[in-house]
Amino acid sequence: MSKAKAAAVSEGRRAERRLGWWLCAPAALVMLLVTGWPIVYSVLLSLQRYDLRFPADKAWIGLTNYGTVLTSGFWWQAFGVTLLITVASVLLELVLGMAIAVVMYRTIMGRGLIRTVVLIPYGIVTVAAAYGWKYAWTPGTGWLAGMLPDGTAPLTQHWPAIGIIILAEVWKTTPFMALLLMAGLALVPEDALKAASMDGASAWQRFRMITLPLMKPAILAALLFRSLDAFRIFDNIYVLTNGAQNTSSVSVIAYHNLIGGLNLGIGSTMSVLIFIAVAIIAFVFVKVLGTSTPGSGGRR
Amino acid sequence: MAVTGAQKGRWGLINLLVLLYALVPVVWIASLSFKTPASITDGSFVPHQWTLDNYKGIFRNDDFTRGLVNSIGIGLISTLIAIVIGTMAAYAIARLDFPGKSLMLGVSLLIAMFPQISLVTPLFQIERSIGLFNTWPGLILPYITFALPLTIYTLSTFFKEIPWDLEKAAKMDGATAFQAFRMVIVPLATPGVVTTAILAFIVCWNDFLFSISLTSSSAARTAPATISFFTGSSQFEDPTGSIAAAAVVITIPIVIFVLLFQRRIVSGLTSGAVKG
Amino acid sequence: MAEIVLDGVGKRFPDGTVAVHDMDLTIADGEFIILVGPSGCGKSTTLNMIAGLEDITTGELRIDGERVNERAPRDRDIAMVFQSYALYPHMTVRENIGFPLRLAKVDKAEADKKVAEVSQLLDLDELLDRRPANLSGGQRQRVAMGRAIVRDPKAFLMDEPLSNLDAKLRVQMRTMISRLQNRLGTTTVYVTHDQTEAMTLGDRIVLMRKGVVQQVGSPEDLYEHPHNLFVAGFIGSPSMNFLPARVTGDGLDTVIGAIPLLDRMRVALSEHGDPTEVILGIRPEAFADAQLVRDRGVQDQDRYCTFGGHVDVLESLGAEKFAYISLDEAGAIQSEHLAEAFQGNLASSKEVQLVARLDAQSRVREGEDMDLDFDPADIHLFEPDSGLNITENVARTP
């Protein structure tokens, strides 16, 4: 304020802009450098034949890589598995997460304990938890496998393995979903629920007709976050099956293509395709379902 | 509303189910880590013979200790840098008016949702060509990038909650701009910054994909990736016990954070997402 | 202690909107002055410019004769009480009150003494070790006051300090602030949107609208001699009644009958170019229950005007009664000056409704017809277009 002169308003405003830009610059620079440049680079790589095992064959080949990937059975298999895992785990998380959210919000005793313990799956390193599930279902070693008939090894069969992957994913990320939903529950005014019960609504009707509609923004935002997160599933599959029995997700085959196959051209093509898929999911949520992303609202 | 015994009983049962849900898998892996090699394949939920050998073993394993050092070092450095530059950006977003603010938020959101695998292939090639592959900075850079959106979002919500009037009030009470910042804003912002730092650290600590893709030796490989390379002390020995023990070790710091800062972590995780 | 002078002080935002038009105001040393007006009238911006929290675009602000436009708030030696109280949540009551002293590097023992004095004065001594979160609204308000008075500033600025309190507490705190200001004798600028607060607290009132000062004067002045329709409608509760009126040879022709014009009003009208259409303003308290007037045999009652109406609603407040009267044939007034004064609460219906403030003795009942008396000397006349009060200087002073 001391810098204020008679005509200082616009000057002060310009200074505010400059300060804003300077403060954001380092963060923007890092994000741009570490994501912007690689994205451009991977688009470039995806237009080339570039296999690190045969560097001499490097050449510009246009969209051939896209043709190769999009006609590959492995890609579509992985894509289907990824979609299945995403949809199934997010739906299960929504139901389970809602239940846990209600318990955390309404329980009449031990609320602090419940809220703390529920955070543990969130805090656990995904890889560590995945090993826990892997051994639990390993015949001989695991307490869960021990409950199955002798000779069944669920992780070596396609559908049981997918089921276990979904289980591991759901267990680990439901608490996060539950927290988001609980915050949404807190936005439902107690008075509206009281008014509804005065109007003769049963507990279920109150939940369905008051709580759910009021929570819709919170639910959609949580679904958006979790869907995009589930779509990039990698750690759980890598540990549980490493892609065996056709359980690869798109992230897993892209990884194997890079590290195992050292095929930069094909790997980059997959990267670009995955990026596009994620963008489409986000677009559907934001435009079609009307999810409001944080910060896009009118708040200051 | 009076609480009846029946209600208490019902809630007790429901709470118990939630506790079992959260704890059983954790207890299982801990139990596995205390089993002797002979009993590890007995499939029992509780160890019959207890041993600490698995823990002794992994701490004698140089790769694992090196992985822990890498994880802690890379995690702390990434968190520190992300917090410093994220705080600057979040302060600007919460307190200042400038064009490009919503673009900044939009880009952060985009990166938060970005599939990491899409970066792995190009980063692999770029880092190899500029000598960052298999080094600490090679992991620190992507970690900062993926911790930043969280940092910016969470902190700017925290900052928005600090009442503007307080800064004005401090100025009216005779504070300089810096005094107002140091004596009023910093004490109020610290809890938010600490919470965000914990969340950012969890993000870095939890990473697996970058760590297995952008490293080739224990020089920079973090603990979760190291575990996936465990083969057992000899080729005849099953690594299950060691892996379980290592999994418990890398889980402990996070569980401690969670137990200590439960309330704050909850508010941090939900602040950005719900208020929209 | 200080004299504050606003010499053409104005605030224009970069996008061109003008928050405060060049404002001239001299606030005397020790004066309690109220800035009042509907929201968005520029009163808070004015206060913030005096505080130094907002830049002054034009004009000069002088405190004790010195130009302070460029001075930071801390160099103006002014204390402020905020609407939100702005207590530091991480400090105890003691630390909050002592904060300005700490910044001023006042000696510790001296500071402790001052804090003790102030907390005694404000009845806060029991609460010194609590945090703001553990205080009630009234207690927080007192802490904010304490923080302002502890360092003996040249002036106090108060930004709607009572608006977050419930009605009863507000009245109590109002008296407390009044007493405190009398006792300390410190120049005080007080912002409020509540005309009752303005009337009861201030030595002088500055009534603002859309960044322009409408009238400056004592509460009585604004009440008895409102400068225009806006002032007339804003000051007083319930608000002044307004009716369309036609000037005829004999007097005024209105929906409440013919009203004779006093000579001084005729003069005033001719000075304003003899308009044929005017707006008649009459305060609710100017009406009386005709029955009661007759029963009591009030002197001079023959010069009163009488008209009949239907009592729609009767509010009995114990000491007085408010009668809401509807008149059949109508023609409500459309005036932007009024719309703003009533902040959108102006009845939009075609029929005219009057409010009369009656003696508690009145036996009028809801749903019945009644006769009302008023003294034609109590009316105000306004120009419909400019809203100016034609009778500003001729209205009678009781």
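Residue numbers (my numbering), protein chains in the order written: chain A, 338 to 637; chain B, 159 to 434; chain C, 118 to 515. Here a beta-carbon is modelled for each residue, glycine too, at the ideal position from N, C-alpha and C. From a predicted model like this one, the values you see are computed outputs, not experimental measurements.
Under 7 Å between C-beta atoms of residue 204(C) and residue 257(C): Result yes, Cβ atoms of residue 204(C) and residue 257(C) sit closer than 7 Å.
Length of the line joining the Cα atoms of residue 427(B) and residue 511(A): If you take the alpha carbons of residue 427(B) and residue 511(A), they lie about 13 Å apart.
Output yes or no for whether 7 Å exceeds the beta carbon distance between residue 363(B) and residue 469(A). Residue 363(B) places its beta carbon 7 Å or farther from that of residue 469(A).
Whose C-alpha, out of 226(B), 421(B) and 408(B), is nearest the C-alpha of residue 188(B)? Measuring C-alpha to C-alpha distances from residue 188(B) to each of 226(B), 421(B) and 408(B) identifies 408(B) as the nearest.
Residue 213(C), DSSP secondary structure in three states: In this structure, residue 213(C) counts as helix in the three-state DSSP scheme.
Within 7 Å (strictly less), CB to CB, does residue 482(C) reach chain B? Not closer than 7 Å to any Cβ of chain B, the Cβ of residue 482(C) fails to qualify, so no.
Whole-angstrom distance between residue 592(A) and residue 599(A), CA atom to CA atom: Rounded to the nearest angstrom, the two C-alpha atoms are 9 Å apart.
Could you tell me whether any Cβ in chain A is nearer than 7 Å to the Cβ of residue 287(B)? Among the residues facing chain A, residue 287(B) is not included, as its CB has no counterpart in that chain under 7 Å away.
Relative to the alpha-carbon of residue 400(A), which residue among 393(A), 408(A) and 394(A) has its alpha-carbon at the smallest distance? The residue with the shortest Cα to Cα distance from residue 400(A) is 408(A).
From what residue to what residue does the alpha helix (DSSP H) around residue 481(C) run? According to the DSSP assignment, residue 481(C) belongs to no alpha helix (DSSP H), since it is labelled neither H nor E.
List the whole-angstrom C-beta distance separating residue 376(C) from residue 493(C), where the pair is believed to meet the contact cut-off of C-beta under 8 Å. The beta-carbon distance between residue 376(C) and residue 493(C), rounded to whole angstroms, is 5 Å. This is short enough to meet the 8 Å contact definition.
Any beta carbon of chain C sitting closer than 7 Å to that of residue 259(B)? It does not: the Cβ of residue 259(B) has no partner Cβ on chain C nearer than 7 Å.
When the Cα atoms are used, what is the spatial distance from residue 195(C) to residue 168(C)? Answer to the nearest angstrom: the Cα atoms are 7 Å apart.
Return helix, strand or coil for residue 531(A), following the three-state DSSP convention. Here residue 531(A) sits in helix by DSSP.
When you compare the CB of residue 410(B) with every CB in chain A, is at least one pair closer than 7 Å? Residue 410(B) has a beta carbon lying at 7 Å or more from every beta carbon in chain A.
Identify which residue in 326(B), 251(B) and 298(B) has its Cα closest to the Cα of residue 339(B). Checking every option, the nearest Cα to that of residue 339(B) belongs to 326(B).
Using 7 Å as the limit for Cβ to Cβ distance, is residue 456(A) near chain B? Closer than 7 Å: yes.
When the Cα of residue 389(B) is compared with those of 270(B), 425(B) and 222(B), which residue comes out closest? Residue 389(B) has its Cα closest to that of 222(B), out of 270(B), 425(B) and 222(B).
Which same chain residues end up closer than 7 Å to residue 426(A) when comparing Cβ atoms and leaving out the 5 residues on each side of it in sequence? Closer than 7 Å at the Cβ level, and outside the excluded window around residue 426(A), lie 503, 506, 507 and 567.
Any beta strand (DSSP E) of 3 or more consecutive residues that is wholly inside the segment 137-175 of chain C: Qualifying beta strand (DSSP E) stretches, in chain order: 149-153.
Looking at C-alpha atoms only, which residue of 498(C), 408(C) and 260(C) is the closest neighbour of residue 200(C)? Measuring C-alpha to C-alpha distances from residue 200(C) to each of 498(C), 408(C) and 260(C) identifies 260(C) as the nearest.
Are the C-beta atoms of residue 342(B) and some chain C residue less than 7 Å apart? By this cut-off, residue 342(B) is an interface position.
For the structure I just gave you, are there three or more beta carbon pairs, one from the segment 330-348 of chain C and one from the segment 382-394 of chain C, closer than 8 Å? No, because fewer than three Cβ pairs between the segment 330-348 of chain C and the segment 382-394 of chain C fall closer than 8 Å, the two stretches do not touch.
Could you confirm whether any beta carbon from chain B is found closer than 7 Å to the beta carbon of residue 437(A)? At least one chain B Cβ lies under 7 Å of residue 437(A).
If you check the beta carbons only, do residue 399(C) and residue 496(C) fall under 7 Å apart? Result yes, Cβ atoms of residue 399(C) and residue 496(C) sit closer than 7 Å.
Check whether the Cβ atoms of residue 335(C) and residue 318(C) lie closer than 7 Å to each other. In terms of Cβ geometry, residue 335(C) and residue 318(C) do not form a close pair [threshold 7 Å].
Which parts of the segment 198-251 of chain B are runs of the alpha helix (DSSP H), unbroken and 4 residues or longer, counting only runs that do not cross its ends? If we require 4 residues or more, the alpha helix (DSSP H) runs fully inside the segment 198-251 of chain B come out as 211-218.
Compare the C-beta of residue 345(B) with all C-beta atoms of chain C and state if any pair is closer than 7 Å. Judged by the 7 Å Cβ criterion, residue 345(B) is in contact with chain C.
Presumed contact (8 Å Cβ cut-off) between residue 225(B) and residue 380(B), rounded CB distance: Contact check for residue 225(B) and residue 380(B): beta-carbon distance about 6 Å, within the 8 Å limit, so the pair qualifies.
Bridge partner(s) assigned by DSSP for residue 307(C): Looking at the DSSP assignment, residue 307(C) forms a beta bridge with 151(C) and 275(C).
Is the CB of residue 611(A) under 7 Å away from at least one CB in chain B? At least one chain B Cβ lies under 7 Å of residue 611(A).
Three-state class that DSSP yields for residue 377(C) in the structure shown: DSSP places residue 377(C) in strand when its eight states are reduced to three.
Do the segment 212-224 of chain C and the segment 261-272 of chain C meet, that is, are 3 or more Cβ pairs less than 8 Å apart? As far as the Cβ criterion goes, the segment 212-224 of chain C touches the segment 261-272 of chain C, which means the pair count is three or higher.
Give the DSSP-derived three-state secondary structure of residue 502(C) in the structure shown. It is coil, neither helix nor strand.
Residue 526(C), DSSP secondary structure in three states: Nothing in the structure corresponds to residue 526(C), since chain C is present only between 118 and 515.
N-terminal and C-terminal residue of the alpha helix (DSSP H) that residue 258(B) is part of: According to the DSSP assignment, residue 258(B) belongs to no alpha helix (DSSP H), since it is labelled neither H nor E.
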